[in-house]
Amino acid sequence: MKTKRLTKVTSAIIIAAFLAVMVFPFFWILITSFKPSSEIFGKDTAFNIIANNPTLINYKAVLDKGILNSVKNSFIVATVTTIYVVCVATLSAYILARVRFKGKGLVLGLILSVSMFPQMVVVGPIFNMFYKLNMLNSYFVTLAYSSITLPAAVWIMVAHFKRIPLSIEEAASIDGCSQWQTLWKVIFPIALPGVFTSAIMTFIAAWNEYLLTMTLNSDKQFQTVPVAINALRTQFSILWGEITAATVLVVIPTLIIVLLFQKQIVSGMTSGAVKE
Amino acid sequence: MRKTITAKQAAFLLPLFLLLAVFALYPIISSAIYSLFDYRTNDQQVAGLYTTGNFNAPLFSEDCGYINWFLEDDITLLSEADQTELRAAMEQVDALAKQYVTIGEVTKISAAEAKQITSQVAEIQATIQSVYERNDGVTFYNGWDKLNTIFREMDSCMINSNFTGLAAYGKLLSDTRFFHSLRSTAIFTVISVTFELIFGMALALIMNKAIKGIGGVRTTALIPWAIPTAVSALMWSYMYDGSSGIIAKIFTDIGLIASPELMLLSAGGAMTAAILADVWKTTPYMALLLLAGLQIIDKVLYESAKIDGAGPAKTFFKITLPLLKPSLLVALLFRTLDAFRVYDLIAVLTGGAQGTETLSIYAYKLMIAQNNYGYGSVVVLTMALCVGVIAFLFVKVLGAEIVKDD
Numbered sequence: 001m002k003t004k005r006l007t008k009v010t011s012a013i014i015i016a017a018f019l020a021v022m023v024f025p026f027f028w029i030l031i032t033s034f035k036p037s038s039e040i041f042g043k044d045t046a047f048n049i050i051a052n053n054p055t056l057i058n059y060k061a062v063l064d065k066g067i068l069n070s071v072k073n074s075f076i077v078a079t080v081t082t083i084y085v086v087c088v089a090t091l092s093a094y095i096l097a098r099v100r101f102k103g104k105g106l107v108l109g110l111i112l113s114v115s116m117f118p119q120m121v122v123v124g125p126i127f128n129m130f131y132k133l134n135m136l137n138s139y140f141v142t143l144a145y146s147s148i149t150l151p152a153a154v155w156i157m158v159a160h161f162k163r164i165p166l167s168i169e170e171a172a173s174i175d176g177c178s179q180w181q182t183l184w185k186v187i188f189p190i191a192l193p194g195v196f197t198s199a200i201m202t203f204i205a206a207w208n209e210y211l212l213t214m215t216l217n218s219d220k221q222f223q224t225v226p227v228a229i230n231a232l233r234t235q236f237s238i239l240w241g242e243i244t245a246a247t248v249l250v251v252i253p254t255l256i257i258v259l260l261f262q263k264q265i266v267s268g269m270t271s272g273a274v275k276e
Numbered sequence: 277m278r279k280t281i282t283a284k285q286a287a288f289l290l291p292l293f294l295l296l297a298v299f300a301l302y303p304i305i306s307s308a309i310y311s312l313f314d315y316r317t318n319d320q321q322v323a324g325l326y327t328t329g330n331f332n333a334p335l336f337s338e339d340c341g342y343i344n345w346f347l348e349d350d351i352t353l354l355s356e357a358d359q360t361e362l363r364a365a366m367e368q369v370d371a372l373a374k375q376y377v378t379i380g381e382v383t384k385i386s387a388a389e390a391k392q393i394t395s396q397v398a399e400i401q402a403t404i405q406s407v408y409e410r411n412d413g414v415t416f417y418n419g420w421d422k423l424n425t426i427f428r429e430m431d432s433c434m435i436n437s438n439f440t441g442l443a444a445y446g447k448l449l450s451d452t453r454f455f456h457s458l459r460s461t462a463i464f465t466v467i468s469v470t471f472e473l474i475f476g477m478a479l480a481l482i483m484n485k486a487i488k489g490i491g492g493v494r495t496t497a498l499i500p501w502a503i504p505t506a507v508s509a510l511m512w513s514y515m516y517d518g519s520s521g522i523i524a525k526i527f528t529d530i531g532l533i534a535s536p537e538l539m540l541l542s543a544g545g546a547m548t549a550a551i552l553a554d555v556w557k558t559t560p561y562m563a564l565l566l567l568a569g570l571q572i573i574d575k576v577l578y579e580s581a582k583i584d585g586a587g588p589a590k591t592f593f594k595i596t597l598p599l600l601k602p603s604l605l606v607a608l609l610f611r612t613l614d615a616f617r618v619y620d621l622i623a624v625l626t627g628g629a630q631g632t633e634t635l636s637i638y639a640y641k642l643m644i645a646q647n648n649y650g651y652g653s654v655v656v657l658t659m660a661l662c663v664g665v666i667a668f669l670f671v672k673v674l675g676a677e678i679v680k681d682d
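Top to bottom, those sequences are chains A and B.
This note's numbering applies: residue 1 is where the first sequence begins, and numbers increase by one.
This note's numbering applies: residue 277 is where the second sequence begins, and numbers increase by one.
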C-alpha cells in the first residue's frame, strides 16, 4: 500500500513537472508581450514576471506591420490545401483500401517514400519550376504543399476506410449504386470522422509549413505566419516585444484547433503507427 | 475483394498520381539530373544543363562587329606597318563574323569546332594586343582595355558542356563541411530522439495508469506539437537570448554555462539549445504515440502477471515492452527521420552557426543562397540516401511494420 502511494505521488510530480515545462515558454512569451522594450532589455527588469508598466504597444506595432495579412494568407493557403488534399486523398484511399490489384504495394510504398523523403530534395526543382512558370509569390504555393500533406492524408484515410465493413458496400452495390455513388453516398458519410481527422492534420501541416513558403513566397504580401514572424527579426535589431506579441496572436488559432479537435488530432497522429 | 483494377477505379487514383508526379517525383528526378551537372544559376556559363557545347552565334558575330568598329577608330593613329597588320586581323574578324552571322540563334557545337573558333579568336587577340603594346605612347580613342573587354565577352559566347557525371559525388568525399554537417545531424538526431524516447515512455506509462486528468494533460501536450516549428524555435531563441533570455539566465545561475551569451554562441551550448527545443516540442508526440500503443495491450495480461507475482520491472520488460514493440519502432522511425531532416528549428535558432549546421541547412545554403543547384542536389540526394538507409534498418533489421497490406 505504501509503495503504491509512493508511485502515485511520484507520477503526480512527474506529470506536474511535465505540464510546467510544456506551459512555461507560452507563459513567458505572454508576459513579455506586455512589456515595453526598455523593460525587456533592461538588466534589472528583463526577468520580472509582472511588467512594471504593462503596455499594448507591441500588439499595436505588429498589427500595424500587417501581421493580420499573414494570418489571412495562412488561412487561405491552409484551407485551400485542406480542401483539395482531402478530395484527392478520399478518392485514392477508397481504392487503396477496397480494391486489390497488382502493384498496390508499389503505390503504397511510393506514398510512404514520398512522406519520408527529405523535403529539401524537392525545394530546388520546385523553385525552378515556379520561377519558370511565373508562379513565385502567389497562392500557388498550396499546390507544392501536396508533397508534404498528401501522403499522410491518404494514409490516415486508408486506415479509416478499412474499418468500414465490406457488407455495407455490397448492399449498396446490390441496390444499384455505382462505385462513385457508393463512395460519396455510403462510404464517405460513415468514414466522415476519418475524413475529418485527415483534414485537421492537413490543415495543421499546411499552417505550419515554413521551408517552401519561405523559398517560394519571398514577397511580404504573400508570406504566411511562420515566415512573417521570423521576418520581424531583422539583421540589426531583434524586437522581442513585437515578436512575442505576434507569437501570442498566431498561437491562438492553433490553441482553438487543439482544444476543439484534440480527439481527431490524436487519432490522426497515431493512425498508421498503431495497429488495432 | 476484387483482384484487378478497372479503368474507372484507376481514374480515382489519377489525381493522386498527378500531384505526386508533379510535386514529388518530378522534383526528385530533377534533383538527380541536377546532381550530374555543374549547375549554378548565378554563373551564365553554367546556368543551364548543357550536355553538348553551345555557341551563342548572334552575340559572337555582334562582338566581331564591335571589334572592327573600335579598330576602325584607332587604326588611323598608327604607322603604316601596324595598320597593315591590323587590317589583316580585321579581315579575319570579318570572315568570322560572316561565317556565323547567318545562324540567328544559340546553336549546339562540337568540341572540335569550339576549339577551332577559340584558338582562331585567341590568335587574332594576340596580334591586336601586340600592336597596341607596341604603340604604348599613343592616346587611342578606344584603347586595348575596351577591346579586351569585348574579347572576354566573346569567350563567354562559347558555352561548354557542364555535364560532370558522378564527379560531384566524388567531390563530396573530400568535402569536410559535408562531413561536419553529417556529424551534427547524427548527434542532433541520436541525442534528441533518445531523450524523447525516455521522457515519452515515462509519460505514456503514467498516463496509461492515471484515469483522472488525462484529458487535460493530453490537451496541454498537443499544443507544443501543433504550433509551427518556426514559431516555437523563435520562442526558444528569445529564451536563449544572451541579454534578456530567461533560460540562458537560469542555466548561468545554476552553473551550466559560464555566461548567458554562451547559450547560443558556443558550440556545445548551441547544440544543447537546439536539442532542448526539439525535445520540448516532440516529446508529447512520442508520448501520445506510445500511449496509444499501450492502450491496446490487453489488461488481462497485467492481471495475470500480478497473480503470478511479477514485479513492475519484470512486467515492463516481459509484457509491456514486447507488446509495445510495433508501436515503439514506428514512433522511433518517424521521429528519427524527422530529426534527421531537421531544418526549421536550426535555421531559426542558430542559422547553422556554432557547429549546428545540419545536412538540410548546408544543402539549403548551397542551393538557394549560393544558387549552386548541382552540388546542392548532390548533398540532398546523399541525405535522401541516408534517410533510405535509416528506414531500411528500421524495417528490415528491427522489423518495424509500416506498410500493412492485407
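Think of the CB as a built atom: it goes at the ideal place given N, C-alpha and C, for glycine as much as any other residue.
From a predicted model like this one, the values you see are computed outputs, not experimental measurements.
Start-to-end residues for the beta strand (DSSP E) that takes in residue i
i	result
isoleucine 385/B	382 to 385
Residue i and residue j closer than 7 Å at C-beta
i	j	result
alanine 153/A	threonine 202/A	yes
threonine 270/A	leucine 565/B	yes
asparagine 58/A	glutamate 242/A	yes
valine 656/B	alanine 444/B	no
methionine 22/A	threonine 496/B	yes
tyrosine 694/B	serine 457/B	What the structure shows of chain B is the stretch from 277 to 682, and residue 694/B is not part of that stretch, so it cannot be assessed.
asparagine 217/A	valine 141/A	yes
threonine 197/A	phenylalanine 127/A	no
serine 460/B	threonine 327/B	no
Residue i versus residue j: straight-line alpha-carbon distance, rounded
i	j	result
phenylalanine 616/B	isoleucine 622/B	12 Å
glycine 652/B	threonine 559/B	32 Å
leucine 669/B	glutamate 677/B	12 Å
alanine 462/B	isoleucine 156/A	30 Å
alanine 581/B	alanine 589/B	11 Å
leucine 330/A	isoleucine 252/A	Because chain A in this structure spans residues 1 to 276, residue 330/A falls outside the shown range and cannot be described.
serine 37/A	isoleucine 190/A	54 Å
phenylalanine 690/B	tyrosine 640/B	Outside the modelled stretch of chain B, which goes from 277 to 682, sits residue 690/B, for which no answer is possible.
serine 535/B	alanine 586/B	50 Å
valine 114/A	glutamine 375/B	52 Å
lysine 72/A	aspartate 451/B	43 Å
methionine 277/B	glutamate 169/A	Confidence at methionine 277/B is low in this model, with a pLDDT of 47, below 50, so its placement is unreliable and the value that follows should be read with caution. Rounded to whole angstroms, methionine 277/B to glutamate 169/A spans 11 Å at the Cα level.
serine 520/B	isoleucine 526/B	11 Å
Bounding residues of the alpha helix (DSSP H) (the contiguous stretch that carries residue i)
i	result
asparagine 344/B	333 to 350
leucine 211/A	211 to 216
proline 36/A	Where proline 36/A is concerned, there is no enclosing alpha helix (DSSP H), given that its DSSP letter is neither H nor E.
alanine 191/A	Looking at the DSSP string, alanine 191/A is not in any alpha helix (DSSP H), and its letter there is neither H nor E.
glutamate 677/B	Per DSSP, glutamate 677/B belongs to no alpha helix (DSSP H) and is neither H nor E.
glutamine 223/A	Where glutamine 223/A is concerned, there is no enclosing alpha helix (DSSP H), given that its DSSP letter is neither H nor E.
glutamine 368/B	356 to 377
glycine 518/B	Run containing glycine 518/B: none; DSSP gives neither H nor E here.
Coil, strand or helix - residue i by DSSP
i	result
methionine 659/B	helix
glycine 329/B	strand
methionine 477/B	helix
serine 437/B	coil
phenylalanine 299/B	helix
isoleucine 686/B	For residue 686/B there is no data in the structure shown, the boundaries of chain B being 277 and 682.
arginine 428/B	helix
serine 468/B	helix
isoleucine 337/A	A question about residue 337/A goes unanswered here, because the residues of chain A that appear run from 1 up to 276.
asparagine 277/A	Only positions 1 to 276 of chain A appear in the structure, and residue 277/A is not among them; the question remains open.
arginine 278/B	Its pLDDT being 48, under 50, arginine 278/B is placed unreliably in this model, and the value from its coordinates should be taken loosely. Three-state result, arginine 278/B: coil.
Option nearest residue i by Cα separation, candidates the options
i	options	result
isoleucine 573/B	Gly587/B, Tyr302/B and Phe592/B	Phe592/B
isoleucine 644/B	Pro151/A, Ile229/A, Phe24/A and Gly124/A	Gly124/A
proline 291/B	Ser146/A, Val251/A and Thr213/A	Ser146/A
asparagine 332/B	Lys575/B, Leu289/B, Ala323/B and Lys384/B	Lys384/B
lysine 132/A	Glu429/B, Asp431/B and Thr317/B	Thr317/B
leucine 423/B	Ser520/B, Asp350/B, Ile526/B and Ser450/B	Asp350/B
valine 624/B	Gly103/A, Val186/A, Pro226/A and Ala17/A	Pro226/A
cysteine 662/B	Thr626/B, Val671/B, Tyr619/B and Leu613/B	Leu613/B
threonine 352/B	Thr415/B, Ile304/B and Gly631/B	Thr415/B
asparagine 330/B	Ala546/B, Ile305/B, Tyr408/B and Lys391/B	Lys391/B
glutamine 368/B	Ser355/B, Trp556/B, Glu356/B and Ala398/B	Ala398/B
valine 88/A	Leu143/A, Ile13/A and Gly42/A	Leu143/A
lysine 35/A	Leu56/A, Arg5/A and Asp175/A	Leu56/A
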